[in-house]
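A short worksheet on the structure shown next.
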Amino acid sequence: MIQTPHATFADRLAVLTLRLLAMMNVLFAALFYGALLFAVSQAQAAETATCNGQNLLAEIEHDNPDRLAAIRAEADAIPNGKGLLWRISKDGVTDSYLFGTMHMADPRVIDLPAAAQDAFDTASTVVIETTDILDQAAMMASMLKNPELMMFTDDTTLFSLVSDEDRAVIEDALKSRGIPPASVVKMKPWMIASMVALPACELARKAAGAPVLDIELAQRAQVDGKLLEGLETVEDQLGAMASLPMDFHLRGLVETIKLGARIDDVIETMIVLYLDGDTGMFWPFFREVLPSESDRDGGYAAFEEAMVTARNHTMAARADPFLTQGGAFIAVGALHLPGDKGLVSLLRANGYIVEAVDNDVPIAGGDADEHGCRASAGYSWCARTAQCERPWELAAKHGFENDAVSFANFCSQ
Numbered sequence: 035m036i037q038t039p040h041a042t043f044a045d046r047l048a049v050l051t052l053r054l055l056a057m058m059n060v061l062f063a064a065l066f067y068g069a070l071l072f073a074v075s076q077a078q079a080a081e082t083a084t085c086n087g088q089n090l091l092a093e094i095e096h097d098n099p100d101r102l103a104a105i106r107a108e109a110d111a112i113p114n115g116k117g118l119l120w121r122i123s124k125d126g127v128t129d130s131y132l133f134g135t136m137h138m139a140d141p142r143v144i145d146l147p148a149a150a151q152d153a154f155d156t157a158s159t160v161v162i163e164t165t166d167i168l169d170q171a172a173m174m175a176s177m178l179k180n181p182e183l184m185m186f187t188d189d190t191t192l193f194s195l196v197s198d199e200d201r202a203v204i205e206d207a208l209k210s211r212g213i214p215p216a217s218v219v220k221m222k223p224w225m226i227a228s229m230v231a232l233p234a235c236e237l238a239r240k241a242a243g244a245p246v247l248d249i250e251l252a253q254r255a256q257v258d259g260k261l262l263e264g265l266e267t268v269e270d271q272l273g274a275m276a277s278l279p280m281d282f283h284l285r286g287l288v289e290t291i292k293l294g295a296r297i298d299d300v301i302e303t304m305i306v307l308y309l310d311g312d313t314g315m316f317w318p319f320f321r322e323v324l325p326s327e328s329d330r331d332g333g334y335a336a337f338e339e340a341m342v343t344a345r346n347h348t349m350a351a352r353a354d355p356f357l358t359q360g361g362a363f364i365a366v367g368a369l370h371l372p373g374d375k376g377l378v379s380l381l382r383a384n385g386y387i388v389e390a391v392d393n394d395v396p397i398a399g400g401d402a403d404e405h406g407c408r409a410s411a412g413y414s415w416c417a418r419t420a421q422c423e424r425p426w427e428l429a430a431k432h433g434f435e436n437d438a439v440s441f442a443n444f445c446s447q
């Protein structure tokens, strides 16, 4: 770790950024809790829709360029730390793709790069972290089966766990967002943190109904008639958060609030890293600027294990059936891609060839034919059924030989 006698303002912001990055893994919670608890009208949303964040990397480079250089050097050494889109191949199976998302509604994030758009278009199956987020009523019913994941179910309240000073900080922050403190006092701190770890412009987008990238992809898949699947449940994700020490969450909540108006800068920096495909930069950046005494209880190591590493193994195992079938577009948070315990490495260990794809270059064979059939996804036009078909699937369904002549004969009838 690089240390300096006096921490700069940028250093302090970067420390707080780690808390916000942690919350990005549960921004799905902000989707529905925002809808339930934020009293943000459409008029208010319009007034606060402008984002004014600045990239903190430039500020840190100005304060201490050697530190930023060291962070970048460590990031460069992380396996699979460059790129958001990865091609997954195996003999005899149509290629699939793994894409790293950011759980934001920012237009820059929603607008897929050319190669990612092609990969999505060619896919017959789209897989996201959890499909629970698409049906708020069903999701809430499911989560209420385990209320202890979200709420204190005994006499404990949020304010019974914090000092008077921290209570004042939390109450002021909630009131400034139009949330009566008494209405959320029984909520676990990570649920409240998901409400305050967003800039006003992102809250405005949510209030206006703008979907985050993951939901946008799911909705596009449904419109296109693709099979839509999930790798986890919302209970899985909340259970992972709930497994972490309460003190870790309480500290994270208070420090996130103290970031105040500079939250726009934090989110902007994260978006810049994401758009550059610098997934390997996330953890080294935060670890290098985090004073060692702030992690004396191992809270962040526990966070990485519970919220990233353990979930990576779960995702890799649950993705296998879709990859075996082929033609899948798997979209998960970008934090899950890099590292020797990341999804890219785990899928390689499972026997797949996983290669980075340039996001700005359309995938070869990505163009559809005159009927909209994508050959790279295994589809060909069948006049008899009047739709794009996979020959081997049609052969199995109708009992003819899986070869080009039999397919042509069947579809010409």
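Note that the sequence shown covers residues 35 to 447 in my numbering.
Beta carbons are placed, not taken as given, at the ideal position from N, Cα and C, and that holds for glycine.
Predicted model, so just to flag it, every value in this text is computed and none were measured.
Alpha-carbon to alpha-carbon, residue j and residue i
{"i": "N59", "j": "T419", "result": "Note that N59 has pLDDT 35, beneath the 50 cutoff, so the model's placement of it is unreliable and the number below is only indicative. Rounded to the nearest angstrom, the two C-alpha atoms are 43 Å apart."}
{"i": "L307", "j": "K116", "result": "10 Å"}
{"i": "P215", "j": "D198", "result": "14 Å"}
{"i": "T348", "j": "I167", "result": "19 Å"}
{"i": "E269", "j": "M173", "result": "9 Å"}
{"i": "D129", "j": "A255", "result": "18 Å"}
{"i": "N86", "j": "H96", "result": "20 Å"}
{"i": "D485", "j": "I122", "result": "The requested residue 485 does not occur in the structure, where the chain is confined to residues 35 to 447."}
{"i": "L428", "j": "Y413", "result": "11 Å"}
{"i": "N443", "j": "H405", "result": "19 Å"}
{"i": "I305", "j": "D299", "result": "10 Å"}
{"i": "E182", "j": "C445", "result": "56 Å"}
{"i": "A29", "j": "M225", "result": "Because the chain in this structure spans residues 35 to 447, residue 29 falls outside the shown range and cannot be described."}
{"i": "F154", "j": "A238", "result": "28 Å"}
{"i": "K375", "j": "N346", "result": "7 Å"}
Pick from the options that is closest to residue i, judged by C-alpha positions
{"i": "Q253", "options": "N98, I144, N89, Q88", "result": "I144"}
{"i": "S210", "options": "V127, M225, G294", "result": "G294"}
{"i": "F133", "options": "A157, P233, A103, K124", "result": "A157"}
{"i": "M315", "options": "A368, V439, E163, M280", "result": "A368"}
{"i": "D258", "options": "G376, L192, E250", "result": "E250"}
{"i": "L90", "options": "G243, I297, M221, L262", "result": "I297"}
{"i": "V246", "options": "L265, V366, Q421", "result": "V366"}
{"i": "C407", "options": "G126, S194, P223, K260", "result": "K260"}
{"i": "A383", "options": "A350, F363, A417, A344", "result": "A350"}
{"i": "L377", "options": "M177, T313, D188", "result": "T313"}
{"i": "F363", "options": "A336, Y131, E339", "result": "Y131"}
Status (buried if at least 16 other CB within 10 Å, exposed otherwise) for residue i
{"i": "Q271", "result": "buried"}
{"i": "H370", "result": "buried"}
{"i": "H283", "result": "buried"}
{"i": "R142", "result": "exposed"}
{"i": "R53", "result": "Note that R53 has pLDDT 37, beneath the 50 cutoff, so the model's placement of it is unreliable and the number below is only indicative. Under this definition R53 is a buried residue."}
{"i": "P99", "result": "exposed"}
{"i": "S217", "result": "exposed"}
{"i": "E423", "result": "buried"}
{"i": "S228", "result": "buried"}
{"i": "P147", "result": "buried"}
{"i": "I387", "result": "exposed"}
{"i": "T303", "result": "buried"}
{"i": "G286", "result": "buried"}
{"i": "K431", "result": "exposed"}
{"i": "A73", "result": "Confidence is the limiting factor: at A73 the pLDDT is only 31, short of 50, which leaves the residue's position unreliable, though a coordinate-based value still follows. That one is exposed."}
{"i": "P318", "result": "buried"}
{"i": "N436", "result": "exposed"}
{"i": "T135", "result": "buried"}
{"i": "A353", "result": "buried"}
{"i": "L178", "result": "exposed"}
{"i": "D140", "result": "buried"}
{"i": "D200", "result": "buried"}
{"i": "G433", "result": "exposed"}
{"i": "P355", "result": "exposed"}
{"i": "V161", "result": "buried"}
C-beta atoms of residue i and residue j nearer than 8 Å
{"i": "P372", "j": "P113", "result": "yes"}
{"i": "I105", "j": "A207", "result": "no"}
{"i": "L102", "j": "V391", "result": "no"}
{"i": "M280", "j": "M341", "result": "no"}
{"i": "D248", "j": "E163", "result": "yes"}
{"i": "M138", "j": "E236", "result": "yes"}
{"i": "K124", "j": "G361", "result": "no"}
{"i": "E263", "j": "T159", "result": "yes"}
{"i": "L192", "j": "M221", "result": "yes"}
{"i": "L278", "j": "F186", "result": "no"}
Bridge partner(s) assigned by DSSP for residue i
{"i": "T135", "result": "G367"}
{"i": "L377", "result": "Beta-bridge pairing links L377 to no other residue."}
{"i": "M225", "result": "Paired residue(s): none; M225 is not in a bridge."}
{"i": "L293", "result": "The partner list for L293 (beta bridge, DSSP) is empty, contrary to what the question assumes."}
{"i": "R121", "result": "Y131, E389"}
{"i": "T159", "result": "L261, A362"}
{"i": "M185", "result": "M221"}
{"i": "W426", "result": "According to DSSP, W426 bridges with nothing at all."}
{"i": "S176", "result": "Looking at the DSSP assignment, S176 forms no beta bridge with any residue, so it has no partner."}
{"i": "W415", "result": "C422"}
Proximity test, residue i beta-carbon vs the ligand SAM heavy atom, cut-off 7 Å
{"i": "T343", "result": "Absence of the ligand SAM is noted for the structure shown, with no ligands found whatsoever."}
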